[in-house]
Amino acid sequence: MPKILVVDDSLTMRSVIRRELGTDRYEIIEAKNGQEALALIERGLMPDLVTLDVEMPGLNGFETYEAMFGPRFAARFARAPRGRIPVVFITACNNLEERRRGFELGAIDFISKNFEPGTLAQLVFRILRPNDRLRGINVLLVDDSPSVRAIVGKALSEEGVTVTEAEDGNRAFEILCNQMSETDLVITDIAMPGLDGHALCRRIRRELGLTDLPVVFFTGTDQEQRIRAFAAGATDCLQKPFIKEEMVARILVHLEKGQLHRRLRRAIGDLRTTLQSQSEMLATLSHDMRAPLNGILGFSDHLLADASPENQERENLEMIQQSGKLLLSLIEDVLALARHDSHHADIELQPLRLSEVIRKSVTNLHHLAKLKDQHLTLANRAPDAVVEGHTESLLRVLNNLLSNAIKFTPKKGEITVEVQAEGTDQVAIIVSDSGIGIPSDQLLILFERFTRTSRPGTAGEPGTGLGMSIVKQFVELHRGQISVTSKPGEGSRFRVTLPITQALPQAAPATPHDHVKPATTHKDQLRARMAGLRVLMAEDNPVNQAVTRTMLHNAGCTLQIAPNGQEAIEKLQSAGQPFDVLLMDMEMPELDGLAATRAIRTCGFTALPIIGLTGNDAETARASCMLAGMDDYLVKPFSFTSLCETILRHRPGGAS
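If you count by the working numbering, then the sequence shown holds residues 503 to 1158, one letter each, in order.
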């Protein structure tokens, strides 16, 4: 139990202090004057804390303190924490001069004799059990008055703060230059010789660039003085003469705020590191999984194209292809979620014509509707709508909505994509179907993350269960909204609204090509235009080599393969007849695709179309390929159609 020595000539005051502190928590030893207190120490008493009355007959409080911590007991008190016992002065006057003298001697604090109940007990508890929440915090204290530095420094030290003192602004600035990253707060007087507080604060803000460092001024009662302090960059002002408790409380607020900001910055830094590691891991996972999927989907597509309807293996091939597509969809959904949660979510929105994105989505997915003999209609009543958007993200939104409509609509069903103005500042995209609808209990959680509501489609099509949460996140990324209405057996209606960047024209009739009727001979047209092309492929993966060879052979092309970038360069340089296009894998031994492309352009092959082949996501691929000097890119696994269309985009006449 801690021992507390209470020194006071008033029996009443000693009793008040005894009751205040409580004998159940502390052992209270009383002395009625300074001589008696010194005698107790002479006999071996080692208190943990002393309360000293200032006004006593004989030795007053200050004289008792000087005798207690003088040479007579120096050896004994050297064993105490910090080399002395904490002392709290009890005074009836509580004037500034008494406080100054007491703090200069080394007192911990002053308490008025008419203290409020609990005040002394709280102070003693804090002293004997120091609050170390600010341990490790560094404060620079700037004042030309030694007494002010003593009072403020001691008060902050008791809170666990490390205090560095400077007697003027020049010395303070010198310390800051050497300890810039270690200083958490500056306390400064205004009027000082040499560099005053205003000039010091301005130099801290402008020359050192420490705009977030709290700077607290000691000011007088003059309002103009406080205004000048804030104009110089002060964080706060404390008016002299100040109450010690107020001063400590105000300063602690700024210190704790600074601590919180540092913790937040560290947490943000750790989070960014984690997200970067996650992105790198997912990129590797994506690349490693796409390569075998290229073989699964590429060969199954080729075999299905050659298999007759009566072939018993056709159903097995379709199951293989369907499983591969499901796995690919799952990879893309997981990557989309990861991009949204990482720094990639901060994508750059640019003005784009919405009708072009919608038309591309409908064109991409029309073949799925055709397989189920569905009637797919596009009614665009706002063909000139321009939105701030990100093409790939918006395309993913539309592809998800449209593929779901196809998936959950039976054969010969109706699917409509409508685009219409919503006033003058918004455009709405509505995807509706005559499908099986959505149960009411699933509507409530349809857009929630990590909630599986996926069901098989009307033709048994599987799903990942992640699509709708991604759709919602990408819509919100475009500052838009999404809603759904649906009843089981009556179809579903998804409505996306997006802000526009320029005024929409008045509602116009649907554009001429409402009903999407794709040509049934598109692959034949591609084969006719691809026939005879000489293609060089740089690829180290045997499966990808075989898949691409099969596709290009089917298109009537001649293919040569190099297992790495270096051999691709050598084949280009030694070719008797020039190649029409180069397919370049991004990751290969010896010389990767990016380095090889840069070398090829340097060697003078500036007109040769180079198409990157990547297992990474489209966002990463586009930037990397274009910076290296490639003309286009394909994300694995790619289909026969996408391969041919991409190559033909860079041939005379384009891919149309």
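The beta carbon of each residue, even a glycine, is placed where N, CA and C say it ideally should be.
Terminal residues of the alpha helix (DSSP H) in which residue i lies
i, result
"G655", "648-659"
"K1073", "1067-1076"
"M558", "From DSSP, M558 is part of no alpha helix (DSSP H); its letter is neither H nor E."
"A541", "536-544"
"M1132", "No alpha helix (DSSP H) holds M1132; DSSP gives it neither H nor E."
"Q1027", "1024-1032"
Test item: CB-CB of residue i and residue j under 8 Å
i, j, result
"G993", "G939", "yes"
"D1087", "L1115", "yes"
"L856", "V921", "yes"
"V509", "V552", "yes"
"C739", "R728", "yes"
"V1045", "F996", "no"
"R1036", "A1057", "no"
"V919", "T1003", "no"
"M1090", "C1059", "no"
"I677", "L642", "yes"
"K827", "D875", "no"
"G696", "D670", "yes"
"L540", "M570", "yes"
"L523", "A623", "yes"
"L1084", "L1110", "yes"
"N866", "G969", "no"
"T742", "F719", "Residue identity check: residue 742 is Lys in the sequence provided, not Thr. No, Cβ-Cβ distance for K742 and F719 is not below 8 Å."
"I1071", "C1105", "yes"
"L903", "I860", "no"
"A871", "I917", "yes"
"L554", "F579", "no"
"E820", "L806", "yes"
Proximal residues to residue i (C-beta, below 6 Å), its chain only, five neighbours per side dropped
i, result
"R1153", "none"
"E1041", "Q1047, D1087"
"I908", "L870, A871"
Cα-Cα separation, residue i to residue j
i, j, result
"A533", "R602", "25 Å"
"S1141", "T999", "32 Å"
"D1078", "F976", "Sequence check: residue 1078 is Gly here, not Asp. Near 50 Å, if we compare the C-alpha coordinates of F976 and G1078."
"F617", "E709", "47 Å"
"F732", "P716", "12 Å"
"T525", "K505", "10 Å"
"M750", "D611", "In the sequence under discussion, the amino acid at residue 750 is Val, which differs from the Met named in the question. So the two alpha carbons sit approximately 12 Å from each other."
"D943", "R765", "42 Å"
"G760", "L658", "16 Å"
"I706", "A734", "10 Å"
"Q681", "V688", "12 Å"
"E568", "A652", "17 Å"
"S517", "V626", "16 Å"
"L1038", "E1147", "17 Å"
"T775", "L880", "44 Å"
"F1107", "I947", "55 Å"
"V864", "Q778", "34 Å"
"L712", "G572", "44 Å"
"G638", "V663", "7 Å"
"T1022", "T1052", "Residue placement at T1022 cannot be trusted, given a pLDDT of 45 that sits under 50; the coordinates are not used to answer."
"R752", "E858", "59 Å"
"G1067", "Q1075", "13 Å"
"R768", "L757", "16 Å"
"P1065", "T786", "20 Å"
Limits of the beta strand (DSSP E) - the one that residue i falls within
i, result
"M1090", "Here M1090 belongs to no beta strand (DSSP E), and DSSP marks it neither H nor E."
"C739", "738-741"
"H877", "877-882"
"A923", "916-924"
"A1040", "1036-1040"
"R637", "R637 -> no beta strand (DSSP E), and no H or E assigned at all."
"E950", "It is not in any beta strand (DSSP E) - E950 carries neither H nor E in the DSSP assignment."
"K862", "Run containing K862: none in the beta strand (DSSP E); it sits in the alpha helix (DSSP H), 856-873."
"I1112", "1112-1116"
Residues of its chain near residue i, where Cβ-Cβ distance is below 8 Å and the 5 sequence neighbours each way are ignored
i, result
"E565", "G536"
"L542", "L507, I531, A533"
"R1100", "A1130, G1131"
"P559", "D511, N535"
"L1006", "No answer about L1006 holds up, because its pLDDT of 44 lies below 50 and its placement is not dependable."
Spatial neighbours of residue i in its chain, beta-carbon cut-off 7 Å, leaving aside the 5 residues before and after
i, result
"C1127", "G1114, Y1135"
"L630", "P504, D550, L551"
"D803", "Q823, S1141, F1142"
"E667", "L643, R651, G655"
### Query
Going along the chain, which unbroken runs of the alpha helix (DSSP H) with 4 or more residues stay wholly within the region 596-633?
598-607, 621-630
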